[in-house]
Amino acid sequence: MKRKVLAILVPALLMAGAANAAEIYHKDGNKLDFYGKMVGERIWSNTDESNSENEDTSYARFGVKGETQINSQLTGYGQFEYNIEASKPEGEQDESTRLAFAGLKFADYGSFDYGRNYGVAYDGAAYTDMLVEWGGDSWAATDNFMTQRTNGVATYRNTDFFGMVEGLNFAVQYQGKNDNRNEFKANGDGYSMSVNYNLDGFGFVGVYGKSDRTDEQSADGYGDTAEVWSLSA
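Residues -21 to -1, 1 to 212 (mature numbering (1 follows the signal peptide of the UniProt record, and there is no 0)) make up the sequence shown, in order.
Structural data, given as structure tokens:
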């Protein structure tokens, strides 16, 4: 298989492809950042004479994230991220909300948020999602249960194990049923969890997730549940 990617990263409040943030407001415990990037990209792929690809995949991506200090122990936070494809004629571009969630952080007791967010199972896939294209694609996919960005997830994360063990972090997540959509993007009720430990530049993470499949999905004969295990370092 031969694949070539031409990616021209155009700075717009960013440096060479990184989605860097520009601080818009920071006062009295309230903070708001804007970030984004524009990518000019064309993909050529060739597996055989009957299966080749030559297309423009340029896009623009931007987001805002902020937090507000409610009191000395409690902080509210949220994030919104949007993607616009730039490879089609005007009026035909696809647009999508990548992230939209809000939550509360309770000092060393952890954070809790709800909305469209990364699934906790993605904590394992994120270790390999480092490439310009096709990074972390082996089993993680958008709106595929909790393996990537997905809807309706309630997430609890704890850093440094309640402030007692530096580098030891864990997370648990619940996803409500989403069955009013294409069967390949649908899901039943489910949960996932992860544990990771970072020490002197080395880290590893273990994740597990299990979800009910919808009635339409179960009709394919592959079972009533979907599970994922992953260990990354």
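Every residue, glycine too, gets a C-beta built ideally from N, C-alpha and C.
7 Å Cβ cutoff met for residue i and residue j
i    : j    : result
D191 : D158 : no
Y176 : A133 : no
Y38  : E64  : yes
S66  : D116 : no
C-alpha distance - residue i paired with residue j, whole-angstrom precision
i    : j    : result
Q52  : M125 : 30 Å
A1   : F13  : 5 Å
A165 : D7   : 42 Å
K189 : L11  : 35 Å
Y88  : G202 : 37 Å
G180 : Y106 : 13 Å
Close Cβ partners of residue i (< 6 Å) along its chain, the five nearest in sequence each way excluded
i    : result
L210 : G185
N148 : T138 and N175
T129 : G98 and D122
The beta strand (DSSP E) enclosing residue i, as first and last residue numbers
i    : result
S117 : From DSSP, S117 is part of no beta strand (DSSP E); its letter is neither H nor E.
G182 : F181 to D191
Y56  : L53 to E64
G42  : Y38 to Q48
G142 : Counting along the chain, G142 falls outside any beta strand (DSSP E), though it belongs to the alpha helix (DSSP H) covering D139 to G142.
The alpha helix (DSSP H) enclosing residue i, as first and last residue numbers
i    : result
S197 : D194 to S197
Backbone secondary structure at residue i - three-state DSSP
i      : result
G155   : coil
Y101   : helix
D12    : strand
A79    : strand
Y201   : coil
K(-20) : In this prediction, K(-20) scores a pLDDT of 47, lower than 50, which makes its location untrustworthy; no coordinate-derived value is stated.
Q107   : First, the amino acid is wrong: residue 107 is Thr here, not Gln. Of the three classes helix, strand and coil, the one that applies to T107 here is helix, per DSSP.
D86    : Per the sequence shown, residue 86 should be read as Ala rather than Asp. DSSP places A86 in helix when its eight states are reduced to three.
F163   : coil
A133   : strand
Cut-off 7 Å between Cβ atoms - residues of its own chain near residue i, not counting five sequence neighbours on either side
i    : result
Y101 : A119, T126 and Q127
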